[in-house]
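Q:
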Amino acid sequence: MEITGIISALVVGLIIGALGRLVVPGKQAIPIWLTLILGIIAAFIGGAIAALFTTFWVFVLIVQVLVAAAAVVVAEKLYVRGT
């Protein structure tokens, strides 16, 4: 993977994190930096999961956002419980 691919994956991950946070209803008690990191991780994991079925970009995006939303919910529960 070239540096441009890594940079674009990071940017997509930031967007995925924001979309994942928007999908979850209510106010989240986690910081935005944690949401963005979760989005980057979710973009890679969701992309890998979606690649098992198809490479159609809309499907990949939906899977990535759903993984990010699930990560936000789990992180919020852990973050609130830890404080």
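First residue of the sequence shown: 226, per this note's numbering; consecutive thereafter.
Backbone N, C-alpha and C define an ideal beta-carbon position, used for all residues, glycine too.
1) Indicate the three-state DSSP secondary structure (helix, strand or coil) for THR279 in the structure shown.
2) Taking the alpha-carbon positions, what's the ARG246 to THR280 distance?
3) Does DSSP put GLN289 in a helix, in a strand, or in coil?
4) Starting from the Cα of SER233, find the closest Cα among VAL288, PHE269 and ALA296 and give me that residue.
A: Reading off the structure:
1) Counted from its first residue, the sequence shown places residue 279 at position 54. In this structure, THR279 counts as coil in the three-state DSSP scheme.
2) In the sequence shown, counting from the first residue as 1, residue 246 sits at position 21. In the sequence shown, counting from the first residue as 1, residue 280 sits at position 55. Straight-line Cα distance between these residues: approximately 24 Å.
3) Taking the sequence shown and counting its residues from 1, one reaches residue 289 at position 64. In the structure shown, GLN289 sits in a helix (DSSP, three-state: H, G or I).
4) As a working mapping, residue 233 is identified with position 8 in the sequence shown. When only C-alpha atoms are compared, the closest one is PHE269.
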